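Worksheet: one structure, shown below.
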Amino acid sequence: MPSFFKNKKTKTQTTIDSSSSKPSNGKQDETTLTFEIDKNVQLIKDCMGNPPDLNVRKIIIDASSDFSIAMIRMDGMSDKKEVDFSVIEPLSKLNFQELREQLDNPNSAEVLGRLIAVNKLEKMNNLEKVVKSILQGNTAILFSHTQQIFLASTRLIDKRGLSEPTSQTVIRGPKDSFTEDLRTNTSLVRARITNPKLRIETLNAGEITHTNIELMYLKGIANDSILQEVRSRIKKIKIDAILESSYIEEFIQDSKNSIFPTLISTERPDVVVANLLEGRFAIFVYGTPYVLIGPATFIQFFQSPEDYYQNYYMGSFIRILRFVAFFIALYIPGLYVAIMTHHHALIPTTLLITLAGQREGVPFPIVVEALIMELVFEVLREAGVRMPRAVGQTVSIVGALILGQAAVEAGFVSASTVIVVSLTAIANFTMPFFNVAIAARILRFFLLLLGSFIGMYGILLGTFMILAHLCSLRSFGLPYFDPITPFKLLEQKDVFIRLPLPKQRTRPQPARPEQKFRVKRGGSQNET
Amino acid sequence: MKSKIKIGGLQFFCLIFLFELGSAVLFGMAKEAKQDAWIPILLGIAGGCILFSVYLGLHKRYPDLPLTSYSQQILGKYLGWVIGFGYVVYFSYLAARVLRDFEELLVISQYHNTSLLTLGLYMIASIIYVMFKGFEVFSRLSQICLFLFLFTALPILLLEVSAQLLQPENLLPLLENGWSPVIKALFPSTISVPFGEMVAFTMLLPLVKDYKTAKRFGYLGIIVSGLYLTFRTLMNIAAIGTDARMRSTFPVLTEIGLVEIGDFIQRLDSLILIILVILGFVKIFIFFYCAVLGLGDLFKLKKPDKMIYPLGILIIFTSVFIAPNFNTHLEIGFKIVPIYLHLPFQMAIPIILLLVALIKSKIKKSRTKQPN
Amino acid sequence: MKRKCLVILVLFMFTHFLGGCSNYRELRDAVFIAGLGIDWIKEKKRYEITFQAFSPTSTAGTGSAGAGSTGSVLYTAEGRTISEAARQASKKFSRMPDYSHVRIVVIGDDLAKAESLNYIFDVFERDANIRANIPALIARGTSAKEVLSVIPATEHPVQSINGKVRNSSKMLGENEATEIYQIINQLTSTGTEPTIGGISVITSENPTQPPGTKETKLRGMGIIKEGKLVGWLDGTKSKSILFLNNQMRQTNESINCGGHRYTSVRITSSKSKIKVHMNTGKPEITIHVDALGIVDEMLCNRKIMEYDVLHEYEKKTAGNIAKHIQDGINEAKKQKSDIFGFGDILHRQHPEEWKKYESRWHDVFAKSKVSIHVNFILHGTSMRVEPYPYK
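Protein chains in written order, with the UniProt record's numbering: chain A, 1 to 528; chain B, 1 to 372; chain C, 1 to 391.
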């Protein structure tokens, strides 16, 4: 939900808080709707603290019998035109008698529904629900002499149009990405899977924000017990607000303290579709273009959708390259420092002479130098993300020239360290999902320190620790390192290399899908 | 450490393979048999299999219990407890010994100025970290270790061949001094290290999925690792010759250190340290873990994890104070330990346990039969 | 509790860093020794060690890469052991010497002749830092210090010597780079003796250099017997070692074809098989060499297309090879030093016989009977068949 909403609400009214106030229908107190239209309008206004964006329109139909209609809606959250044409116009055209009759009708909502041309029309007499509905962008229609309030769905929030993904781009492949609007997002997936088995369940979290969360899966393919686990975990979330899917991620992941992500977050609809088809679930959260996918395995963070859109030789090559890049991003600074301080023998002689020449006259010990340069790079990167677009050029010139070339020429740092740091930085950007790159970014410092303390031995032991940690991780109870350990030969088809799609007849098993085969055995593959 | 850990066959195989290679690769086995050193190793496989069948026989009778438990059932509470405790001490001592081996390896080959204690600390600290993650995690880790091992060992093998280092004629003449040095090398040293060290697995067999897996992959592990050791020894002799092998502390390092292709590929001995540390890690972990399991079992601890820190610190200090210098350490390792420790703990006690268990079950059977 | 203990352990790790017993060493704190020279000072009965080091020249701040900066620095020190001398040298070094990049070891003439070589190699085996697979050379007729003091104009002295050794063994086949571990193996084995290449200092004849400029040149292979240098295999004789050890990569033979004209045959590959057996107390050594080669220069008008001519060349080349081998063996027999490892071959082929003669193998070897069979095949004449007609 937009943040202005949150602030106002928490200050002025607490009765909205559904868990704390229980509406008592029979009693005549301030929160119960009355039969008087003005009082009801006032009640609703009071309930929200009479905000300036609350739009109340009152039409007096018949002054003699004091019959009037009031329309209450949030400005900016509802469709003004639709309210004008589909609600106000038909209602104002009706004559007073007709309207009276229809209101007295027990199924007045249905009758009125024929008149008011909106998607959905609901009848409510609970103040709290009405307010909530108004806050969601619906228009409340109040009539004189009745407790019933009709709510027409006129929700319309200005939203960003579809745009290209910003963090997970591909060369060949779909260019659309999710937006902040939940319904748009689900529609993007639905458009790709036109199958009734695609199921969406609505869940809710955020005690104050009441953020809509939707769980999407393919029935019959996704594992039921995992889905059950997801539902219960989402229900257990205790938090006041959910502003991004990462809030949910932190609550539902298995290991709260791990540096490695155990849920995928993507802004690409095709990634969601591919994962749904492998038996995973997706969690859509209102207000963020990042959709969570689980259960995840470590390998998945190295699988870019493009691997499947390109020739499989290229796909496999790029995949392996990505693992190498991850290795570089994680290890090269550590190994560099370890070799330069503990294992001089390992450097080929000619290279050693070059390196030794570079190190002459450089003031800092190599560990300090590497740490400084790594940190400087992290600062540069952070600045690159946060800075205003207009000064982008300046920062990149400062970064490249001053910190790179000038620092070397001035003899502050050695050229080899700059090379190593920039190699690491570039390697880090090859990850298709940036959250696994974050793990490499942080663990790099751990290995760098170990390497400087005790050389390659330390790095090796550090590797054991990292690997053991990865082996111990689970995502929704399923091993994170599947299928490397426990090793499954048949599952290697899409790990380090990607086999051609016709060869991948079974779904990958890490998510334990209910259907093993993608297509029915002996299916229509060869017939076309 | 969860109570229900079940290890699959492949992981069990990886554990055995890496465990067996452990310090055997490091020191070079059966040096006294000179150029025939590979023969006792090849024969040792058979000995290893026989010993393993004894351990398996015990495991079959008590499928859910480790050695420290069934020794109490077989020999009575007190004697069994003492024997179980003996095993705990034995495992801890071996863990400390292996740790010392690898500390010395690192000091001699790379870290001349670093203290044994420091190197031991790093090793034990990382082992403790993994141990808290549980044995299941470790057995999975061992699988990755096997990949790491293969990815490092195979290229080195290829490099060795392409550096034209191997001189097969070093292996001749065959059986120059007859069979007696071969037999001397075989028993007890080659059988006890590494094959007899499988006694540690009497503590771990209950963690394996089922008896059939344990049997099949256990034998497979012993045979494959034995064959690898044989092959390794053949390569070692062919590369550096018998004399250098006898003289060098770590023949494998000497061997790999000679590889030089062009100006770029050289000093691979630093690289092979990676393999050796992987092997050492697995071996120390297993002995250490067996000791922890044994203690937990003997003292009926609900959380054996509590024993990890004290035992770990004990092992570090034992490893340092076990011997004043490396030569004494080796002397103890090659002369005293095989006879006074390996022989009873690896062979005598398990065989006696199995015999007593057999006799007991016979007596039981005859008793149940008699009334009928 | 678990976490707390882990923190303690990590702190423990830091202590070693503070305690200073670490291997941490910056590149700029080390001086990298490229070549070692070992001489024997007779009067003092001490070793004199010459260290030829890479001189680190600063390239930081200049903006250019450090490539090509291969200045050299020479230090000497004395000691009763090599290690002692190395420690003594620290008075002269401003940095910690690092021996992991030693590329060559030069042994002084006096040391090789008068003192035994048996003792000096131990440190190369024992110390994990120095490699054992580096070539050793004998400073022929001079001291190791002299050899290492010769500074070529363009290269680092050690790289220059190393290059010469490698080049010569590859192109000419007269100088084998005997590596230290091989020398040790041969010294320890009773059935073989080492040969070590020689290097000497000459005055350059290069007119572009200032007169009196020194340069180094490889000369012959030294025959070692019981740890001492006893003689030299010079020129084509030293090819015998490479032929018999199957180390021959390339060499050429000049075949006389009338008058003072020669034809050059390039030998491209060769393989030898040696059999040794004892016959009434005398070793009988049978050597089979199979070699291949091409004609790479022809300075006489011969119709090489014809089978007979070709065959004649083949026979002459084979004869040449056999002669080199024979000369080499004769020289070794004269010195009573089995540099070809015939003893080891006997050991492998007839272990029982070997035991009888092991203790006095040198004398037995000197009496050996050698038969050499060379089979040479010319398999090409390069880009031309016939030479252009000389007038």
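The beta carbon of each residue, even a glycine, is placed where N, CA and C say it ideally should be. Everything numeric in this text was worked out from a predicted model, so none of it was measured.
Asked	Found
Is the CB of R109 (chain A) under 8 angstroms away from at least one CB in chain B?	Note on identity: in this sequence residue 109 (chain A) is Ala, with Arg being the wrong assignment. Not an interface residue.
Could you tell me whether any Cβ in chain C is nearer than 8 angstroms to the Cβ of M1 (chain B)?	Low per-residue confidence applies at M1 (chain B): pLDDT is 38, beneath 50, and the placement is therefore not dependable enough to give any value.
Considering Cα atoms alone, identify which of B:V89, B:A238, B:P66 and B:V292 is closest to residue 376 (chain B).	Within the shown structure, residues of chain B are numbered from 1 to 372, placing residue 376 (chain B) beyond reach of any answer.
Alpha carbon to alpha carbon, how far is G76 (chain A) from G137 (chain A)?	8 angstroms
Considering just the uninterrupted stretch of the alpha helix (DSSP H) at Q349 (chain C), what are its terminal residues?	F342 to Q349
Is the stretch 99 to 113 of chain C touching the stretch 135 to 142 of chain C in the sense that three or more CB pairs, one from each, lie closer than 8 angstroms?	yes
According to DSSP, which residues form a beta bridge with K369 (chain C)?	C:E284
Can you tell me where the alpha helix (DSSP H) with residue 396 (chain C) in it begins and where it stops?	Only positions 1 to 391 of chain C appear in the structure, and residue 396 (chain C) is not among them; the question remains open.
Quick one: grab the DSSP three-state call for K45 (chain A).	helix
CB S139 (chain B) to CB L21 (chain B), shorter than 8 angstroms?	no
Check the Cβ-Cβ distances between R100 (chain B) and every residue of chain A, and say whether any is below 8 angstroms.	no
According to DSSP, what are the bridge partners of R266 (chain C)?	C:N252 and C:I294
Would you say R140 (chain B) reaches chain A, if we count a Cβ-Cβ gap shorter than 8 angstroms as a contact?	yes
Determine the DSSP secondary structure at Y390 (chain C), reduced to helix, strand or coil.	coil
Starting from P351 (chain C), find everything on chain B with Cβ-Cβ shorter than 7 angstroms and list it in chain order.	P173 and E176
Going along chain A in order, which residues have a C-beta closer than 8 angstroms to the C-beta of N129 (chain C)?	A345
Quick check: the Cα distance between D39 (chain C) and A332 (chain C), rounded to an integer number of angstroms?	26 angstroms
Just the Cα atoms here: how many angstroms apart are V259 (chain B) and V25 (chain B)?	18 angstroms
In or out: S94 (chain C) buried (at least 16 other Cβ within 10 Å) or exposed?	exposed
F178 (chain A) by DSSP, collapsed to three states: which one?	coil
Quick one, are the C-beta atoms of T146 (chain A) and M71 (chain A) less than 8 angstroms apart?	no
Take S115 (chain B) as the anchor and find which of C:K273, C:F365, C:N23 and C:G212 has the nearest alpha-carbon.	C:N23
Would you check if the distance between the CB atom of Y313 (chain C) and the CB atom of V265 (chain C) is smaller than 8 angstroms?	yes
Got a sec, what are the start and stop residues for the beta strand (DSSP E) F433 (chain A) sits in?	Premise fails: F433 (chain A) is in no beta strand (DSSP E) and is neither H nor E.
Does the distance from the CB of L10 (chain B) to the CB of F481 (chain A) come in under 8 angstroms?	no
Output the distance between the C-alpha atoms of L229 (chain C) and T195 (chain C), rounded to the nearest integer angstrom.	9 angstroms
L243 (chain A): which of A:G206, A:I402, A:I320 and A:V420 sits nearest, CA to CA?	A:G206
Would you list, in sequence order, the uninterrupted beta strand (DSSP E) runs of no fewer than 3 residues that lie entirely inside the stretch 181 to 242 of chain A?	198 to 205 and 211 to 218
By the 10 Å Cβ neighbour count, where 16 or more other Cβ atoms means buried, how is S90 (chain C) classified, buried or exposed?	exposed
When the Cα of I325 (chain C) is compared with those of C:T142, C:K273 and C:M383, which residue comes out closest?	C:K273
Would you grab the beta carbon distance between H342 (chain B) and G196 (chain B) for me? Rounded to a whole angstrom, and I think it's under 8 angstroms.	6 angstroms
From the DSSP output, read off the bridge partner residues of E179 (chain C).	C:P135
From this set, A:L188, A:A152 and A:G287, which residue's C-alpha is nearest M124 (chain A)'s C-alpha?	A:A152
Name the chain C residues whose beta carbon is nearer than 7 angstroms to that of G241 (chain B)?	N185
Please list the segments of the alpha helix (DSSP H) lying wholly inside the stretch 392 to 453 of chain A, counting only runs of 4 or more residues, in order along the chain.	392 to 397 and 415 to 428
Checking 8 angstroms against the spacing of the C-beta atoms, do M221 (chain C) and E176 (chain C) come in under that value?	yes
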